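In order, the protein sequence lines correspond to chains U and R.
Under the working numbering, read the first sequence as residues 1 to 117, first letter to last.
Under the working numbering, read the second sequence as residues 1 to 116, first letter to last.
The block underneath contains the structure these notes are about, expressed in structure tokens.
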Amino acid sequence: GAVVSQHPSWVICKSGTSVKIECRSLDFQATTMFWYRQFPKQSLMLMATSNEGSKATYEQGVEKDKFLINHASLTLSTLTVTSAHPEDSSFYICSAPPMTGGRETQYFGPGTRLLVL
Amino acid sequence: AQTVTQSQPEMSVQEAETVTLSCTYDTSESDYYLFWYKQPPSRQMILVIRQEAYKQQNATENRFSVNFQKAAKSFSLKISDSQLGDAAMYFCAYRSASGANSKLTFGKGITLSVRP
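Written out as structure tokens, the structure reads:
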């Protein structure tokens, strides 16, 4: 199956700093990528939809100035958590449907664990 | 808006036995996809099975099968011959077929434990 990578897999940062998380589709192109947040034992909560070449679409309640999304190319989307605080500590997951073939399926990255001290 | 409901937070099954995980959904659309995803302790999301709403035949993938009842908006997952590796969190998900890049809507998930 198609592969989506995330980097870093694990990050610890100090409160007030910014953290960038990368999501890459390794063997397919994607005009859209999705960013989720997941707390332990809970479901995935969609934060935003990343669109290549245009602005991201944020879900209600998600601060767009805090969670900056850039879809730089057809294989890369980044999520930057700005001025991170301990409550931003969570597991962040990206997913992407291929542009061509099997578009009904989304492929998930392995996730990034963020801990803000 | 579409909703997906998984009302059982936890279930347990004896190894080699069969277990059924329940899921209901609500939508006004006629064309959509339904999924079951597995999330093991590694937290990597793994697609277990997929069902196209226009197909009447229930999807099957080896030990995994679904009971898709479109009129009742029900989509349960049956795991046969349960194995220790099946222990994980399972999510039911819905995706509209109206847009190529439509988002997934997840249920709350169910934690499945397998007793040796």
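Heads up, the beta-carbon is just placed ideally off N, CA and C, and yes, glycines get one too.
If you're wondering where the values come from, they're calculated on a predicted model, not measured in any experiment.
Annotation: residue 73 (chain R) to residue 76 (chain U) spans about 36 angstroms, alpha carbon to alpha carbon.
As a beta-bridge residue in DSSP terms, residue 88 (chain R) pairs with R:112.
Per DSSP, reduced to three states, the secondary structure at residue 87 (chain U) is helical. A residue is called buried when at least 16 other Cβ atoms come within 10 angstroms of its Cβ; residue 108 (chain U) meets this threshold and is buried. Assigned with DSSP and collapsed to three states, residue 6 (chain U) falls in strand. Judged by DSSP secondary structure, residue 34 (chain R) falls within the beta strand (DSSP E) whose first and last residues are 32-39. Excluding five sequence positions before and after residue 7 (chain U), the CB atoms of its chain that fall closer than 6 angstroms to its own CB belong to 22, given in chain order. Inter-residue distance for residue 71 (chain R) and residue 23 (chain R) is about 14 angstroms (C-alpha atoms, whole angstroms).
Chain-order list of chain R residues neighbouring residue 111 (chain U): 42, 43, 44 and 45, by C-beta distance under 9 angstroms. With its beta carbon less than 8 angstroms from one in chain R, residue 108 (chain U) belongs to the interface. When C-beta atoms of the stretch 30-41 of chain U are compared with those of the stretch 69-86 of chain U, three or more pairs fall below 8 angstroms, so the two segments count as touching. Between residue 19 (chain R) and residue 79 (chain R), the gap from beta carbon to beta carbon is short of 8 angstroms. Here DSSP, grouped into helix, strand and coil, assigns residue 106 (chain U) to coil. Taking a contact as a CB-CB distance under 8 angstroms, the pair residue 94 (chain R) and residue 110 (chain R) does not count as one, their CB atoms being some 16 angstroms apart.
Residue 87 (chain R) and residue 39 (chain R) do not touch by the CB rule: their CB atoms are close to 11 angstroms apart, not below 8 angstroms. A direct Cα-to-Cα measurement between residue 58 (chain R) and residue 51 (chain R) gives close to 7 angstroms. Bridge partners of residue 48 (chain U) according to DSSP: U:35 and U:58.
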